[in-house]
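A short write-up of the structure that comes next.
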């Protein structure tokens, strides 16, 4: 059975979408069948993988409202081994439209259960807030991967995220676990990056991935070309970082 990993951090700008795109693409390039689900109304994961978000007819929004099936909303094999469930700005209205809907927390999970067996990994990119869309993602997930930017306020808001994960685990999805923390935008030239990593390790009794994603220009450029780093510049340090992270994610699953 495939693993569903939710990439979440309500703090914006921590490399959540970058991680969703490039971890997915790296897993796919290692021969795993991967589905990415874009749960962010900004649709940056969708466009970052070369799908025109404003021209997509069927998205996560239509799925959650029960207007379309998950098969109708999927964009299969946009790259080899990599499919996407796209999103766009319409999804911003879902929060209000789902008020009063019974079992709304499980809408994504119920849809995903139909096709989960077709994939080795499902990666869900969450919006940078703790709302209905994030809760839906966590109810559908097996684990939560938390990207943390190597900057001064890295730990800010993290306790709130951990509290939300605990609440979801207690009340909605008892199977949910923390996948681990991954450091992003690491700059080896600054003492601050090193201090942040040490600080988090000392303050967080969570699993921390050995792989640290460097701050990398090519990584920042890739989405504007609608490509993951594995296609845009496979020899860059950013591509190497996500390939190592993908190997660690695969290996961690085999250990369990």
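Numbering (the working numbering), first residue to last: 166 to 421.
Every residue gets a Cβ at the ideal spot worked out from N, C-alpha and C, and that includes glycine.
Check: Enumerate in chain order the residues of its own chain whose CB-to-CB distance from residue 342 is below 6 Å, with the five nearest sequence positions on each side excluded.; Outcome: 308
Check: Can you give me the Cβ contacts of residue 380 inside the same chain, cut-off strictly under 7 Å, excluding the 5 residues immediately before and after it?; Outcome: 350, 351, 352
Check: Return yes when the Cβ of residue 186 is within less than 9 Å of the Cβ of residue 388, no when it is not.; Outcome: yes
Check: With respect to the beta strand (DSSP E) encompassing residue 389, which residues constitute its N-terminal and C-terminal limits?; Outcome: Here residue 389 belongs to no beta strand (DSSP E), and DSSP marks it neither H nor E.
Check: Taking the alpha helix (DSSP H) that residue 346 falls in, what are its first and last residues?; Outcome: Where residue 346 is concerned, there is no enclosing alpha helix (DSSP H), although the beta strand (DSSP E) it sits in stretches over 342 to 351.
Check: What are the boundary residues of the alpha helix (DSSP H) that residue 189 is part of?; Outcome: 181 to 194
Check: Going by Cα to Cα distance, which pick from 221, 230, 215, 257 is closest to residue 244?; Outcome: 215
Check: Starting from residue 242, follow the beta strand (DSSP E) in both directions and report where the run begins and ends.; Outcome: 240 to 244
Check: Report the rounded CA-to-CA distance for residue 346 versus residue 176, giving the unit in angstroms.; Outcome: 14 Å
Check: To the nearest whole angstrom, what separates the beta carbons of residue 289 and residue 268, a pair I think is in contact under 8 Å?; Outcome: With 8 Å as the limit, residue 289 and residue 268 do not qualify as a contact, their Cβ atoms being about 18 Å apart.
Check: How would you write the range of the alpha helix (DSSP H) that residue 468 sits in, first residue to last?; Outcome: Residue coverage of the chain in this structure runs from 166 to 421, which leaves residue 468 outside it and unanswerable.
Check: Using 8 Å as the threshold, is the stretch 400 to 416 in touch with the stretch 365 to 379, meaning 3 or more CB pairs across them?; Outcome: yes
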